[in-house]
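Participant:
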Amino acid sequence: GNSVTQMEGPVTLSEEAFLTINCTYTATGYPSLFWYVQYPGEGLQLLLKATKADDKGSNKGFEATYRKETTSFHLEKGSVQVSDSAVYFCALSDRSGYGGSQGNLIFGKGTKLSVKP
Amino acid sequence: EAQVTQNPRYLITVTGKKLTVTCSQNMNHEYMSWYRQDPGLGLRQIYYSMNVEVTDKGDVPEGYKVSRKEKRNFPLILESPSPNQTSLYFCASSFSGGGGTGELFFGEGSRLTVL
């Protein structure tokens with residue numbers, strides 16, 4: 001079945017450090033890929049997405065490239081800030097599914113990022 | 001303002017006392033879903049609904065019920081709560097399930113403790 005595996009945290013970085021959070025997936029068909037972010041005390045919100053191979057999603061300085069050959073969608077940011085401290089979730093959808101399952105996202109377990117000043 | 005609203009945000013209850021967590025969205029979304037978030041387990045889907053009167057089980061439906069009588073509302077019902085249902089619950093909605101190029105919109109969460 002479809003699944004998402006992301007690196008376990010927590011990840012602790014100093015401000016202005018480079019960030020990579022690894023995400024790999026297993027899926028049939030041609031999934032769309034997403035990164036969601038959860039700030040403390042809040043619900044998840046979409047950070048970026050990519051809908052086909054080689055697409056690059058970007059937002060707020062974060063980037064991720066849809067790599068079909070390595071089934072990966074790693075999240076990167078060149079210089080993190082304290083305000084980036086949050087839990088990050090990688091997710092996929094399988095658009096080839098039918099019926100109700102087509103609408104569902106499959107989430108990774110989340111990676112907690114803490115950025116120190 | 002477009003939003004998904006959950007109530008209550010915090011609740012402490014006792015085993016066996018029926019409770020309902022309400023969820024309402026004002027974006028005319030067809031798809032709604034409930035998740036629970038637990039440490040080390042990430043997000044797990046409980047139930048989802050593709051439209052009014054259409055609901056289906058997610059990955060962890062045991063002990064929960066849902067209904068979708070109106071498009072905007074999708075309450076989560078715990079008929080006889082047990083301590084293993086202590087968790088952080090999220091409601092989410094989207095036009096098409098978020099699974100295509102759509103986006104899931106989440107509520108702020110409901111933290112439930114069952115003693």
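Heads up: the protein sequence lines correspond to chains F and Z, in order.
At position 18 of the first sequence (counting the first as 1) the number is 18 in the numbering used here, and the numbers step up by one without a gap.
At position 16 of the second sequence (counting the first as 1) the number is 16 in the numbering used here, and the numbers step up by one without a gap.
Think of the CB as a built atom: it goes at the ideal place given N, C-alpha and C, for glycine as much as any other residue.
Computed from a predicted structure; not experimentally measured.
Short of 8 Å in beta carbon distance, which residues of its chain neighbour residue 100 (chain F), apart from the five on each side in sequence? Order them along the chain.
Facilitator: Its pLDDT being 41, under 50, residue 100 (chain F) is placed unreliably by the model, and the measurement read from it follows with that caveat. Within the same chain, residue 100 (chain F) has no close Cβ partners at all.
Participant: Between residue 93 (chain F) and the rest of its own chain, which residues show a CB-CB distance below 6 Å, the 5 nearest in sequence each way excluded?
Facilitator: So the qualifying residues of the chain are 31, 32, 105.
Participant: Would you verify that the beta carbon of residue 127 (chain Z) is, or is not, closer than 8 Å to some beta carbon of chain F?
Facilitator: Past the edges of chain Z, shown from 1 to 115, lies residue 127 (chain Z), and the structure says nothing about it.
Participant: By how many angstroms is the C-alpha of residue 52 (chain Z) removed from the C-alpha of residue 114 (chain Z)?
Facilitator: Rounded to whole angstroms, residue 114 (chain Z) to residue 52 (chain Z) spans 30 Å at the Cα level.
Participant: For the segment 41 to 52 of chain Z, enumerate the residues whose C-beta is nearer than 9 Å to any C-beta of chain F, in chain order.
Facilitator: Residues passing the 9 Å Cβ filter: 41, 42, 43, 44, 45, 48, 49, 50.
Participant: What is the DSSP secondary structure of residue 26 (chain Z), counted as helix, strand or coil?
Facilitator: Coil.
Participant: Just the chain Z side, please: which residues come within less than 8 Å of residue 63 (chain F) by C-beta, in chain order?
Facilitator: In chain order: nothing, as chain Z lies at least about 18 Å away.
Participant: For the beta strand (DSSP E) containing residue 54 (chain Z), list its first residue and its last residue.
Facilitator: Per DSSP, residue 54 (chain Z) belongs to the beta strand (DSSP E) from 54 to 57.
Participant: The beta strand (DSSP E) with residue 9 (chain F) in it runs from where to where?
Facilitator: First-last for residue 9 (chain F): undefined, no H or E at that position.
Participant: Please classify residue 82 (chain Z) as buried or exposed, where buried requires at least 16 neighbouring CB atoms within 10 angstroms.
Facilitator: Exposed is the call here.
Participant: Answer with buried or exposed for residue 87 (chain Z), where buried requires no fewer than 16 other C-beta atoms within 10 angstroms of its C-beta.
Facilitator: Its Cβ being crowded by 16 or more others within 10 Å, residue 87 (chain Z) is buried.
Participant: Which of helix, strand or coil does DSSP assign to residue 6 (chain Z)?
Facilitator: In the structure shown, residue 6 (chain Z) sits in a strand (DSSP, three-state: E or B).
Participant: Determine the chain F residues that contact residue 16 (chain Z) at a beta-carbon separation under 8 Å, and present them in chain order.
Facilitator: Ordered by position in chain F, no residue passes the 8 Å Cβ test against residue 16 (chain Z), which lies about 29 Å from the chain.
Participant: Between residue 13 (chain F) and residue 87 (chain F), which are expected to be in contact by the criterion C-beta below 8 Å, what is the C-beta distance as a whole number of angstroms?
Facilitator: Their Cβ separation, rounded to whole angstroms, is 14 Å, which puts residue 13 (chain F) and residue 87 (chain F) out of contact at 8 Å.
Participant: Going along the chain, which residues of its own chain have a beta-carbon closer than 6 Å to the beta-carbon of residue 39 (chain F), five neighbours each way excluded?
Facilitator: Around residue 39 (chain F): 86.
Participant: Taking 8 Å as the CB-CB cut-off, is residue 46 (chain F) touching chain Z?
Facilitator: Chain Z contact via Cβ: present.
Participant: With a Cβ-Cβ cutoff of 8 Å, do residue 90 (chain Z) and residue 107 (chain Z) count as a contact?
Facilitator: It is a contact, given that the beta carbons lie within the stated cut-off.
Participant: So, at 6 Å on beta carbons, what are the nonlocal neighbours of residue 117 (chain F) in its own chain, with the 5 sequence-adjacent residues on each side left out?
Facilitator: So the qualifying residues of the chain are 15, 82.
Participant: Find the nearest neighbour of residue 8 (chain F) within the set F:2, F:21, F:17, F:1, judged by alpha-carbon distance.
Facilitator: For the residues F:2, F:21, F:17, F:1, the minimum Cα distance to residue 8 (chain F) belongs to F:21.
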